[in-house]
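Structure record follows, encoded as structure tokens.
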Amino acid sequence: SAVVTSDAGNGVGYTGLRIRGTDVARTNVTLNGIPVNDAESQGTFFVNFSDLASSTSSIQLQRGVGTSTNGAGAFGATMSISNLQQFEEAGAEIDNTYGSFNTHKHTIKAGTGLLKSGLQFDVRLSKINSDGFVDRSSSDLRALQFIAGWRVSDKTHLRFMMMTGSEKTAQAWNGIPEAKLKGDNTALLNHYNNNIGTLYFTPADSVNLFTANQRKYNYFTYKDQTDNYQQDYYQLFADHKFGKYLTGNVGLFLTRGRGFYNEYKTGESFSSYGLNDYVSPSGTDTVTNTDLTRQLWLDNYYYGGVFSLLYEKNKTQLALGGGYTEYDGNHYGYVKWAQIGIPVDYRWYLLDSRKNDLNIYAKAQQTLGDNLILFADVQYRNVDYRMNGFRKNPTLTPEAKFNFFNPKIGITYLIRNTNNQKQRLYGSVALANKEPNRDDFEASPLNQPKAERLSDIEAGYEINKRNWSASANGFYMMYRDQLVATGKINGVGSYTRTNVPESYRRGIELQAAYMPAYWVRINANATFSQNKIGNFVEYVDNYDDPNGNQSAIDHGTTDIAFSPNTVAAGGLTFTPFRNLPYKQNLELGIMGKYVGKQYLDNTANDARSIDAYSLCDVRIRYSVQAKPFKELAFTLALNNILNKQYESNGYTYSYIAGGSTITENFYFPQAGFNWMAGLNLKF
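Everything in the sequence shown is counted per this note's numbering, starting at 1137 for the first residue and increasing by one.
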């Protein structure tokens, strides 16, 4: 059910993930049980903590509402990441990778193992650089992680984790105009003429548009058009076993984020920066606008605590948990340089926001007899969100308070539960609520957004035998006031969303795996779904209207944007050398992926869509235990080996002018054939 995209086109830098058609803002992400989603945008920006996979012991992905976890309510999926695992004994690991687009990754890990004092220390250093597939889409990513553990006793364990990540990413978030991508010069000229003075201002803009590679074009020409951000995670955990049946966990955390988006702006009016027009010293000339460079800053603290108690006895499991978080964020902007009339480091806005989030949950699981398992989960969540203005709307100061009640019940029946065969049937019903994000409040100042509600019904069957397994899961996700993408982006590349009264997602997810021999594994999965809005009304800017009103277009029942009806994947893995001397291992994997057509907005218009695409990748890994190393491994990743030309993301907007409706589509092409090769050494 997952679809991945990348602004730079090669998977480095800003990437996106959608599960069942919902974006990462609907996925509740936790790191060691600590909420990761940004409190305001609700998104998770993995670019801020690069190379996390190198120190991750497990990633669990649960689709649908999921069980109660700390942080914002899961509205499409739950991703639980754990990176507290430490070296069992003293050791080190070095990993170096190089590949297409001058992409290279370097990672060093080391650990002391468990010392006699009960202490244990681990560290990881990572650096990733890439030029990107798209022009001027480079990335410079760095990360440091430190873990200290102390086994105080057999019943008590303390752990401290510090992780810091920084990123400098050249921006490519405007995409490529459809006419440019298709090589249609006549349509491209029309596009250019329609957007002179709104998108294209300078001769350099024109030269770039008409001469750049049609799949690598980047709208931004300023060499330092970059996103710069650093995020630091501090997490402290205490685990204690109170007795035979009861265990507890407490966690405290601080997430510190700060950074800016640096950009060049042409023809900016002085009034938009709170300044009077510039008057020359002689008093004879008045200048109303100027070129400038500016930085848009985010500076925030996110802190709080979580706890959980688990009671397990015989066939009964009871859990109680919760958390409280506070977010203090500042939004401000500096003009770093201006052609005329604005001093250096002039700050033209300073806005703050505060968000408090309290949640508490209780879960119970009871096994009846040998086959029947009942499950219940209830969560209460209180949100208090206060926004003291927006950059483009400084007088808009919304306050929002929400009280959410999120229950879930489930049942599992074990048809058979033996060593050779396991079969089970399961079903669940869940209710989830979610508050709008910051952009939602700014995008609709006259009609404040509503909270969303989701009723999720899931049912499935699983069978696991000695050399094969299969499963089928059906889902029916019914939304009230779902916030869906309109297809239009705001000034920093985010999609704007609007409430729709009724919508749904329903479908079936299939998985299967088969091992005809110990050295061969075949696996496949597919999702077939319908994703519909009951009645969608599109509002289009009408520049022909003398009063500046928008035109409303009733489209009736439509497909939800970015929600393909079919997503499928398959793989074939060979491990022929597993029983050879010297503990050698060769693994060869061939993987395929298919993603069906996606609409760019909610009009279900084929002229505003992303074509279906399919990919094939190859993975090769050879490892051997050869002194002085514990393991020596070579890896090779061959991506998109058929060199398919495809786009995985895009956006659209329309307007009425001169008696015609003009639609502008923009796409994000992904790289053709590319490769990565690596060498891993374990000591």
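Using N, Cα and C, we set each Cβ at its ideal position, and we do this for glycine too.
Taking H1376 and T1292 to be in contact with their CB atoms under 8 Å, please state how far apart those CB atoms are, rounded to whole angstroms.
Sure, about 5 Å apart at Cβ, within 8 Å.
Which runs of the alpha helix (DSSP H) fall wholly inside the region 1306-1336 and span at least 4 residues, in chain order?
Complete alpha helix (DSSP H) runs here, min 4: 1314-1318 and 1321-1331.
Under the rule that 16 or more other beta-carbon atoms within 10 Å means buried, what is N1556, buried or exposed?
Exposed, since its Cβ has fewer than 16 Cβ neighbours within 10 Å.
Quick check: the region 1169-1180 against the region 1452-1464, are there 3 or more CB pairs under 8 Å?
Counting Cβ pairs under 8 Å, three or more are found: they touch.
Which residue comes first and which comes last in the alpha helix (DSSP H) that contains S1407?
Premise fails: S1407 is in no alpha helix (DSSP H) and is neither H nor E.
Grab me the residues of D1695's own chain with a C-beta within less than 7 Å of its C-beta, minus the 5 sequence neighbours each way, in chain order.
The residues are N1667, K1668, Y1735 and A1740.
Which residue comes first and which comes last in the alpha helix (DSSP H) that contains P1339?
Residues P1339 to T1347.
DSSP has T1797 in a bridge; who is on the other side?
Partner(s): I1792.
Per DSSP, G1706 forms a beta bridge with which residues?
Note: G1706 sits in a beta bridge opposite A1660 and G1728.
Kindly indicate which three-state DSSP category N1626 falls into: helix, strand or coil?
Residue placement at N1626 cannot be trusted, given a pLDDT of 49 that sits under 50; what the coordinates show is reported in the next sentence. Reduced to three states, the DSSP call for N1626 is coil.
Check whether the Cβ atoms of V1386 and T1305 lie closer than 8 Å to each other.
Against a cut-off of 8 Å, the Cβ pair of T1305 and V1386 comes out as no contact.
Where does L1532 fall in DSSP's three states?
Three-state DSSP puts L1532 in coil, outside helix and strand.
Could you tell me whether the region 1548-1564 touches the region 1516-1530, where touching means 3 or more Cβ pairs closer than 8 Å?
The region 1548-1564 vs the region 1516-1530: no contact.
Three or more beta-carbon pairs under 8 Å between the region 1403-1419 and the region 1434-1444, yes or no?
Touching, no.
Mind checking which residues open and close the beta strand (DSSP E) that includes E1225?
Counting along the chain, the beta strand (DSSP E) containing E1225 begins and ends at E1225 to G1235.
According to DSSP, simplified to helix, strand and coil, what is E1571?
Looking at E1571 - three-state DSSP - the assignment turns out to be coil, as it is neither helix nor strand.
Would you tell me roughly how many angstroms separate the C-alpha atoms of A1649 and A1579, rounded to the nearest one?
So the two alpha carbons sit approximately 46 Å from each other.
Is there contact here, the region 1676-1687 with the region 1633-1643, by at least three beta-carbon pairs under 8 Å?
At 8 Å Cβ cutoff, the stretches do not touch.
Taking the straight line between their C-alpha atoms, what separation do you get for Y1409 and G1393?
Taking the straight line joining both Cα atoms gives about 25 Å.
Bridge partners of E1783, per DSSP?
Beta-bridge pairing links E1783 to P1805.
Across the region 1536-1545 and the region 1557-1573, are there enough close Cβ pairs to call them in contact, namely three or more that are closer than 8 Å?
With a cut-off of 8 Å, the region 1557-1573 and the region 1536-1545 count as touching, because enough Cβ pairs lie within range.
Straight-line CA distance for L1454 to I1244?
Spanning the two alpha carbons is a distance of roughly 41 Å.
So, for D1747: in the same chain, excluding its five sequence neighbours on each side, which residues have a beta-carbon less than 8 Å away from its beta-carbon?
Within the same chain, D1747 has close Cβ partners K1733, Y1782 and E1783.
Between I1798, R1657 and V1703, which has its C-alpha nearest V1139's C-alpha?
Ranking the options by Cα distance to V1139, first place goes to V1703.
Tell me the DSSP secondary structure of E1767 in three-state form.
It is a strand residue.
Whose C-alpha, out of G1786, D1742, K1601 and S1687, is nearest the C-alpha of P1793?
First, the residue type needs correcting, since residue 1793 is Ala and not Pro in the sequence shown. Nearest of G1786, D1742, K1601 and S1687 to A1793, Cα basis: S1687.
Rounded to whole angstroms, what's the CA-CA distance from N1626 to Y1787? Just pull it up for me.
Caution is warranted here: a pLDDT of 49 is assigned to N1626, below 50, making its placement in the model unreliable, and no coordinate value can be reported.
Are the CB atoms of N1569 and E1588 within a distance shorter than 8 Å?
Yes, they are a contact pair.
Less than 8 Å between the CB atoms is what I'm expecting for D1231 and S1190, so what's the real figure, rounded?
The pair is a contact, with the Cβ atoms about 7 Å apart (cut-off 8 Å).
Helix, strand or coil for D1680? Go by DSSP, reduced to three states.
Looking at D1680 - three-state DSSP - the assignment turns out to be coil, as it is neither helix nor strand.
Are three or more beta carbon pairs between the region 1417-1427 and the region 1401-1408 nearer than 8 Å?
Touching, per the Cβ criterion.
According to the Cβ coordinates, are D1435 and N1398 closer than 8 Å?
Not in contact: D1435 and N1398 (Cβ atoms no closer than 8 Å).
Between the Cα of E1225 and those of W1604, F1257, G1145 and M1298, spot the shortest distance and give me the residue it belongs to.
That would be F1257, whose Cα lies nearest to the Cα of E1225.
In angstroms, rounded to a whole number, what distance separates the CA positions of L1428 and G1149?
One C-alpha to the other measures close to 26 Å.
Whose C-beta lies closer than 6 Å to the C-beta of G1629 among residues of the same chain, with five residues either side of it excluded?
Note that G1629 has pLDDT 46, beneath the 50 cutoff, so the model's placement of it is unreliable and no number is given.
Hey, out of R1272, S1275 and M1299, whose CA is closest to L1261's CA?
When each option's Cα is compared against that of L1261, the closest is M1299.
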